[in-house]
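Here's the structure we're looking at; comments come further down.
Number of protein chains: 2
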Amino acid sequence: MGVRKSNRDVASSTEGMRRGRSTARSATVDEAEEATAGPDALDLSGLNAVVGYALRRAQLAVFEDFIARFATLDLTPAQYSVLLVIGNNPGRKQAEIAAALGIQRPNFVSMLDELERRGLAERLPSATDRRSHALVLTKAGSALLARARAMQDEQERELAQKLGPGGREMLVALLQRLM
Amino acid sequence: MGVRKSNRDVASSTEGMRRGRSTARSATVDEAEEATAGPDALDLSGLNAVVGYALRRAQLAVFEDFIARFATLDLTPAQYSVLLVIGNNPGRKQAEIAAALGIQRPNFVSMLDELERRGLAERLPSATDRRSHALVLTKAGSALLARARAMQDEQERELAQKLGPGGREMLVALLQRLM
DNA sequence: CGATAATTGTTATGTCATATACCAATAACA
DNA sequence: TGTTATTGGTATATGACATAACAATTATCG
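The following block contains the structure:
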């Protein structure tokens, strides 16, 4: 079952992505392709109509922006999501947090190792089950999460601006219908 | 997969009652919720508000569906996109096709190797530049692409149905604004 | 009760997507 | 012409992700 395969190609970085967060966009791929196209412009009309392709590219763009913003905190999107969920659900065991985030438990181990190494999260012994660990944030972890939340809120605001009035909520609602 | 399915946002609880370690009461409250070994749901409200998270999950869901559909054709999303772009732009060189798809040229080599091995695409010598290859689809490649297109159209229709009237176009338009 | 099954965290390992550095051949250019 | 850029390719590193197996522990049920 190749649930995990596929190399969602799509533009990840390099040329196409270098525009960063500038809200000033001169021409979209669509426009460039329809504008009688120069001799070297490729016809991408087939792809632009594909929801999956647009989804992939948009996701990469947003994640790239996220990573750039969070570089100062040295947090990846995955790490941020882990801190967030632990913060909102302290005391839960690894398996629960991992499952909630769709992370395989084996892969979650090293993620937690790293967060623990950086003094952001802790594995406390569970009082009721000697197998499991109760995950909590340290003070430093909570502090970092607070800063991260603020940064994330800022990104969300800028995205909302890009998306126009009500666009953000509309987008999230539409995305929700795909899951 | 990487994404859990049933993530009821619920939220609730707001962790006001999150017992840290004090098991002054029977810990049954923790486990006696669901019979399926599922304790009470976690609070994921923080994540559900994040555009990037919704984007990632939706993209994974759509790609997973795509992969399942295309299993009979043995085509990944990336391979489909390559066939599509070559088909719409025959005779272009590798670097152009790769760049259009955001694929690094080194990574594009093995992708083409595979498509060529399967007799779907061909590297023809360029008449004007002995360095470059002119990429084209074979007959088999065109035939497969036609079948793939039909499948893709079907997925698009089902997505449109999920998204409601005008939802698909709205979604694509919003996604376009993020890139 | 006790045997068996299930869960938890973990290690080991494999695959796949993607990035960079470098190269030889060729072309473009100043 | 000599220098630089491009093209396709190789080699390689790095993550993200998956599965198998395991010891310790807990749950289940006859």
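In the order they appear, the protein sequences are chains G and Y. For the first sequence, the positions run 1 to 179 when the working numbering is used. For the second sequence, the positions run 1001 to 1179 when the working numbering is used. From the three backbone atoms N, C-alpha and C, an ideal C-beta is built for every residue, glycine too. The structure presented is a predicted model; accordingly, all values stated were derived computationally and were not measured.
### Query
Y:P1165 to Y:L1174, Cα distance in whole Å?
15 Å
### Task
Identify each residue in the stretch 72-93 of chain G for which the Cβ-Cβ distance to at least one residue of chain Y is less than 7 Å, and report them in chain order.
P77, S81, L84, V85, N88, N89, P90, G91 and R92
### Task
From the DSSP output, in three-state form, read off Y:R1157 for me.
helix
### Message
Below 7 Å on C-beta distance, what does Y:M1179 contact in chain G?
### Response
R57, A58 and A61
### Query
In three-state DSSP terms, what is Y:L1178?
coil
### Query
Going along chain Y in order, which residues have a C-beta closer than 8 Å to the C-beta of G:E156?
A1049, V1050 and V1051
### Task
Report the partner residues of G:E122 according to the DSSP bridge assignment.
G:V136
### Message
Only counting the same chain, and skipping five residues up and downstream in sequence, which positions put a Cβ closer than 6 Å to that of Y:L1145?
### Response
L1083 and G1087
#### Entry: Interface partners of G:R168 on chain Y, CB under 8 Å
V1051
### Query
Nearest to G:A134 by CA position, among G:L112, G:S142 and G:R118, is which residue?
G:L112
### Query
Does the beta-carbon distance from G:V51 to Y:L1055 come in below 7 Å?
no
### Task
Measure how close the beta-carbons of G:S182 and G:K93 come, nearest whole angstrom, since I'm counting them as under 8 Å.
The requested residue 182 of chain G does not occur in the structure, where chain G is confined to residues 1 to 179.
### Query
So is Y:D1129 in contact with chain G if we call contact Cβ pairs under 7 Å?
no
### Query
Helix, strand or coil for G:R131 per DSSP?
coil
### Query
Roughly how many whole angstroms lie between the Cα atoms of Y:V1172 and Y:V1062?
14 Å
### Query
In the DSSP assignment, what are the bridge partners of Y:R1092?
Y:L1135
### Query
What in chain G is Cβ-close to Y:E1096, meaning under 8 Å?
D40 and L42
### Environment of G:I67 [buried if 16+ CB atoms lie within 10 Å]
exposed
### Task
Look up Y:V1049 in the DSSP assignment and say whether it is helix, strand or coil.
The amino acid at residue 1049 of chain Y is misidentified as Val; the sequence shows Ala. In this structure, Y:A1049 counts as coil in the three-state DSSP scheme.
### Task
Out of G:V136, G:A41 and G:A148, point me to the one whose CA is closest to G:T72's CA.
G:A148
### Query
In terms of residue numbering, what span does the alpha helix (DSSP H) encompassing Y:L1115 cover?
R1105 to R1117
### Message
At the level of alpha carbons, what is the spacing between Y:L1101 and Y:M1170?
### Response
23 Å
### Query
Using a C-beta cutoff of 7 Å, does Y:V1109 count as contacting chain G?
no
### Query
Which residues in the same chain as G:L124 place their Cβ atom closer than 7 Å to its Cβ, once the five residues preceding and following it in sequence are excluded?
H133, A134 and V136
### Query
Near G:D129, what residues of its chain come up, given a Cβ to Cβ distance below 8 Å and the 5 sequence neighbours on each side ignored?
K93
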